[in-house]
Every structure is written in structure tokens, then in C-alpha cells.
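Visitor: Residue numbers (the numbering used here): 11 to 650. Even for Gly, the Cβ is constructed at its ideal location relative to N, Cα and C. Would you mind keeping the following structure in view while I ask a few things?
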Ligand code: GLA
């Protein structure tokens, strides 16, 4: 325990101590790379599979009420969507009235949630009748708060209805300073099962904010700057979210809770959200626009190794049903839904279901596509082909079959070829495809030509002869690989995300800049910077691309041998230090390479791992590096 605290402290001191200070990079320390024999990504809470449900925000914004929420819940039950897996019914922003000053207890807006009136133990407001109602219908109930003192509505959309009322202090309805009290109230007393914790209160209330100057809110010197990782106090943000995670464990002894972190990909949350939360937002809000959907999709599609059973990437809620995804745009609605399913995204309907037509309900209830999202192996899709025009996503299912999606991002038809190599199948065997929209079956060998309509996503399951007959490549099982330390010392913004005109800014300013720290992270089948894996002039289509000074944790599902070809990747730029690859089994060193320099040929490693539960893959340089070079675990595989 003391060691952990000391390590955290050291990292805190090496990292950003406060915004505005000179920021030192968090160089990977020798003790970060030391094997632990443990799986460090979060497994607490109830998110073994990506959660499914409904959330009020995209449908009603702050104009939410008990009547609207229960009407949607009823339709989910009656239409059969509940039986298909949609279980969480979540209230977003807009439920609160004030924080009572005598004891800090949160008071519900009874004008919109009438069943809360007088329902508490001392006649206070309580959501218990509301959550009882949802539970009786077989649902789980979700609530919403903010990590700061104030809400996103107060900071960004204060003209919307149902804003908190009263004095400055009464309107401080966020968790800050009240974490234990509020989490106890929401879970132990009111019976909620999920909380979404937003971050606007620690982002948008500097002393210079006009509403702060006007005396409406207390200033909160921002610790999050979504535009600038350098101006974000990452350890401080993380500590606040950790406090909530700890309180959730305390007040949910049965562990049946879901912790939704909403930091929009800021604060280097990719590196740590997976260790604390059950779902973690990767971007700012989605809107009902095609290009905005592309934007949000791109913030998850290169993060496959950062999603596991227990903690998933969250590209935001579905907008199926509205705008570019409404009835007259069913192709777009289908694409949005299929892509979210492939990415193991939470499937939260964000639609006023009272308006839903039969085709829309059928789309959301497509059991074959839901099964892809809910596949127990928990592998997020990996990009097997990647351009700005077409992407091919492949997801390895628990039974060894693949789900594959061919996605046309553009508004013109385009021809595409699906190859056996994309699927890591052999070119000479028969591959059986089943179209998940139509149920149509077809076979091919080698490659299949297809035409994609504008904005179309073809989605199939594929069964065929595997290239690796007696095991799985690690890049086929991202759900079992955790980049505990990914080697990123100076978090950098992700440049490959589609930059959309935002509905709220239009074309004011200079356009969307790269955001959402993620560049340089561990990757399946490419280098951390999206290049082809290559060692000593030899290319590899399969493998894990990491940075030096990284440590991956791999769950071993009963395999006997780990094999790989290792080396400094040809994309290395610094090249000043050789790298050494080491394989550990349950904390013990099993094998290591000699130091390998730029240009050295790939070196084979073959390591018995029978009976080992956690394999750790560590790449080290002798001295810490500010910008570590890419290092490659090529063809990394577990075999029987
Ligand atoms: C933020 C979140 C949204 C929603 C609103 C509510 O913008 O990202 O998902 O919760 O706040 O105000």
C-alpha cells in the first residue's frame, strides 16, 4: 500500500503539479515497468459486456421529466427492445432543483419528477419510488452528476430549462466536496445502478467566466483544458474520479453499479479511465450529423487495446432516429448502429421513442448486430483496412468467427474488396459470410468484391479457415490485452480524427484542431503512429505496436505457448537506444531478448506459458526516453 502511494506521489511530482507550471513529462519509471502478475484494468462494477439502454439527453436535453422517461421505458419494454438487452434507463442533466444547505442533501425537481415529492425518510424528495418503478419493470436506473461544483447545463447551456435554483451555494449540485454523501444517497438510498459523471464544473468556470464575474457561480480554477493536455492537471483530475470510484465500491457492496466517466477524451483519460470506470467517453458530444458521427467514431476506432470486459470506450450515445439518422436516412442510421456495435460501444438509445416507427425499432433491435456488440470475448474491432474513404473493421468473436464491417464514409458509391487476409483466414479455403442486416449467406475464397452504397456499412459474420490454426494472435484479442504502461510519456493529441463543422460553433474560429490524447498508444496490427509494422526491412501484417518502455498485461485463456518476432520498429526516429523485450508469466521472468538496435533483424521468441494466468510483455531501454521509439511484437500469438 505504502509503495503504491509513494509511486503515485512520485508520478504526481514528475507529472503536472498544477496548471500553468512547467510541465515535466511522466517518464515511465523502472517500477512502472516491473511486472505485477496482475490485470490492472478495471473489473469492478457491472460491465462485463458493453451496457445497453436509453438516456434522456439526445432526446430531451434538460427538458426531461418522469413522464417522458417512463414513457420511453414502457416502449422499450413493450416493443421487445428490453428483451433484446436494453436495460439501463438513465436520466441525464436536468433532474436537480438544489442542494439543501442545512445538511448538503440534494433536492429533486418535483415539478418534473412528481413521485419524488415527500418520498424521503423525513419527507424530503427521493427518487426511490422512481427507481422502484423501473426495477419492477425489470430495468436498471441511471443518474447524472458532475465532478465539479456545477453542471454542464449551468456552464454551457444555461438557457435550457430546469437549471438548478436558489443561492450560489444551493446551485452547487455537483459532486465536488460531497462525493461520499451524494454517492451514498444516489445508490444506497435512492437505488440507482449507474452514474454518469461529467466534468464541466472543473473545466468551464475560471474567474474570467462572465457568469462567475456576475456572481452567479463560484470560480473553479480549471484543471481540465480539452484543447491542451499541457494545461490539464491530469493527476488532479484522475484523483477526483478515483474518489468517486472508491465511493461507488463502498456504497454498492453487491458491486452492481456502472460508472460512466464523461471527460470527452480530455485529461489523457485514455491511459487511466480504463482502470477506474466502466465506460469512458472518448470525445465531445455527438450530434445528429453524419460528419459528427464520423468524428466520434474516429475517437474510438484506434483504441481497441484500451477496451476490455469491465471498461469500454464510449464514443457517446446513439443518435439513431434523429437528423441525419432519421427514417429518411436509414442507411446512415444503420451505419451508425453497426459501427457502435463493432466498437463494443455502449448502446444507449438517445431518441424520443414515442416517435419511433417500426423500422427504427427493428433497426435498434437487430439481434444479430446486438450479439456482435455483446459477444462475451469483449474484443473491440480492429481496423484491418483504413482510409478516409473506406474502412474495414474486424472483430474476433468468442467462437473464433469474425464480425466484419465494410464502411463507406463518403457520399458516393465505392467498390471494395474484402480479402481473406483482412480476416486472418487462409486464401485457399471457403469463407462463409452472413449479412447481419438481411440474413443472406454467401461464400467466397481469397477475396470478395462488393459495392458500398453512399454511407453504407455492410456487416457480416465470417467463418473460415484461420491462418493460425491452433491459437489466437494477440491483435485478434484486444479485450485480453491491457496496455498497463503504453510508453506514452508526453500525451499527444490524435490527428486522425475526422474534423467536423460543429453545430454549436459553425465555421467560427479556425476549425477543429487535433484533440483527445491518444496518439502514440499501443495498437493492434500497426505501429503506435499508424504505420505498417516493420523490423529490419521485413513487414508484418500482424502484431502489436507499442512504444519502448511499455508493459502490456495479457490474460492467458489456457494457451501453452507464446510466440513472437521482436525488434525496434523501422519507424523509429530517435534510435539512440537499443530495446530489450522481456516476457513474464505471473510476475516471473520467462525469457528476454538481447538489446536490439535499429535495423537489426526481427528476433524470434518462443515461450512456454502453460498454467500462466497473466503474461506481461515489457520493452525497455537502458535509460528513460522523453519520446520512446516504436517497438514491435510482430506475429505475437498464443497457441495451444
Ligand atoms: C455534457 C455531456 C453530454 C450531456 C451534457 C448535459 O455535454 O458530454 O453527454 O451529459 O453535458 O449537460
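Rounded to whole angstroms, what is the Cα-Cα separation between residue 79 and residue 101?
Guide: When rounded, the distance between both Cα atoms is 8 Å.
Visitor: On the DSSP bridge list, what partners appear for residue 122?
Guide: Note: residue 122 sits in no beta bridge, so no partner.
Visitor: Starting from residue 164, follow its DSSP beta bridges and name the residues at the other end.
Guide: The partner list for residue 164 (beta bridge, DSSP) is empty, contrary to what the question assumes.
Visitor: Output needed for residue 50: all residues of its chain with C-beta closer than 7 Å, excluding positions within five of it in sequence on either side, in chain order.
Guide: Answer for residue 50: 285, 492, 494 and 563, listed in chain order.
Visitor: With a threshold of 7 Å (Cβ to nearest heavy atom), would residue 163 be considered close to the ligand GLA?
Guide: For the ligand GLA, at least one heavy atom lies less than 7 Å from the Cβ of residue 163.
Visitor: For residue 407 versus residue 413, is the C-beta spacing smaller than 8 Å?
Guide: The answer is yes: Cβ separation under 8 Å.
Visitor: Considering only residues of the region 200–249, which uninterrupted alpha helix (DSSP H) runs meet the minimum length of 4 residues and lie entirely inside it, listed in chain order?
Guide: Runs found: 220–223.
Visitor: Less than 7 Å between the CB of residue 332 and some heavy atom of the ligand GLA, yes or no?
Guide: Not under cutoff, so the answer is no.
Visitor: Which residue's Cα is closest to the Cα of residue 205: 222, 251 and 179?
Guide: Among 222, 251 and 179, the Cα nearest to that of residue 205 belongs to 251.
Visitor: What residue range does the beta strand (DSSP E) around residue 515 cover?
Guide: First-last for residue 515: undefined, no H or E at that position.
Visitor: Mapping the DSSP letters down to three states, classify residue 492 as helix, strand or coil.
Guide: Note: residue 492 maps to strand in three-state DSSP.
Visitor: Take residue 501 and list the residues in its own chain whose beta-carbon comes closer than 6 Å to its own, dropping the five residues that flank it on each side.
Guide: So the qualifying residues of the chain are 239, 278 and 527.
Visitor: Take residue 74 as the anchor and find which of 97, 91 and 154 has the nearest alpha-carbon.
Guide: Closest option to residue 74, Cα to Cα, is 154.
Visitor: Roughly how many whole angstroms lie between the Cα atoms of residue 336 and residue 72?
Guide: So the two alpha carbons sit approximately 22 Å from each other.
Visitor: Under the three-state reduction of DSSP, which class applies to residue 481: helix, strand or coil?
Guide: In the structure shown, residue 481 sits in a strand (DSSP, three-state: E or B).
Visitor: Taking 7 Å as the line, does the beta carbon of residue 167 fall inside it for any heavy atom of the ligand GLA?
Guide: Answer for residue 167: yes, Cβ within range of the ligand GLA.
Visitor: I need the boundaries of the beta strand (DSSP E) containing residue 349, first residue and last residue.
Guide: Segment 340–352 is the alpha helix (DSSP H) holding residue 349; no beta strand (DSSP E) there.
Visitor: Out of 115, 147, 530 and 166, which has the shortest C-alpha to C-alpha gap to residue 185?
Guide: Minimum Cα distance to residue 185 is reached at 115.
Visitor: Given the structure, does residue 639 come close to the ligand GLA, in the sense that its CB is under 7 Å from one of the ligand's heavy atoms?
Guide: Residue 639 Cβ: outside cutoff for every heavy atom of the ligand GLA.
Visitor: Is it buried or exposed, residue 497, if we count other Cβ atoms within 10 angstroms and call 16 or more buried?
Guide: The residue is buried, with at least 16 neighbouring Cβ atoms inside 10 Å.
Visitor: Are residue 557 and residue 530 close, meaning C-beta to C-beta below 8 Å?
Guide: Against a cut-off of 8 Å, the Cβ pair of residue 530 and residue 557 comes out as a contact.
Visitor: For residue 329 and residue 303, which I take to be in contact (beta-carbon distance under 8 Å), what is that distance rounded to the nearest angstrom?
Guide: About 7 Å; that satisfies the 8 Å criterion.
Visitor: Taking DSSP as the reference, what is the three-state secondary structure of residue 453?
Guide: Strand, per DSSP.
Visitor: For residue 327, count neighbouring C-beta atoms within 10 Å of its own C-beta (all shown protein chains included) and say buried if the count is 16 or more, exposed if not.
Guide: Buried is the call here.
Visitor: What does residue 575 pair with, by DSSP beta-bridge criteria?
Guide: DSSP lists 614 and 644 as partners of residue 575.
Visitor: From the DSSP output, read off the bridge partner residues of residue 116.
Guide: In DSSP, residue 116 forms a bridge with 109.
Visitor: Name the residue from 226, 243 and 642 whose alpha carbon lies nearest to the alpha carbon of residue 233.
Guide: Comparing Cα-Cα distances from residue 233 to each of 226, 243 and 642, the minimum goes to 243.
Visitor: With a threshold of 8 Å, are at least 3 pairs of Cβ atoms found where one atom belongs to the region 84–98 and the other to the region 372–380?
Guide: As far as the Cβ criterion goes, the region 84–98 touches the region 372–380, which means the pair count is three or higher.
Visitor: Are the CB atoms of residue 97 and residue 138 nearer to each other than 8 Å?
Guide: No, they are not a contact pair.
Visitor: With burial defined as no fewer than 16 other Cβ atoms inside 10 Å of the residue's Cβ, what is the status of residue 105: buried or exposed?
Guide: Result: buried.
Visitor: Contact check, residue 333 vs residue 299 under 8 Å by CB: the rounded distance?
Guide: So it is a contact: roughly 6 Å between Cβ atoms.
Visitor: Between residue 331 and residue 288, is the Cβ-Cβ spacing less than 8 Å?
Guide: No. Outside cutoff.
Visitor: Assuming residue 94 is part of the beta strand (DSSP E), what are its boundary residues?
Guide: Taken as a continuous stretch (DSSP letters only), residue 94 belongs to no beta strand (DSSP E), as it is neither H nor E.
Visitor: Have a look at residue 452 and residue 191 and give me their C-alpha separation to the nearest angstrom.
Guide: C-alpha separation (whole angstroms): 57 Å.
Visitor: Work out the CA separation of residue 393 and residue 542 for me, nearest whole Å.
Guide: Rounded to whole angstroms, residue 542 to residue 393 spans 12 Å at the Cα level.
Visitor: Does the Cβ-Cβ distance between residue 82 and residue 67 come in under 8 Å?
Guide: No, the Cβ-Cβ distance between residue 82 and residue 67 is not below 8 Å.
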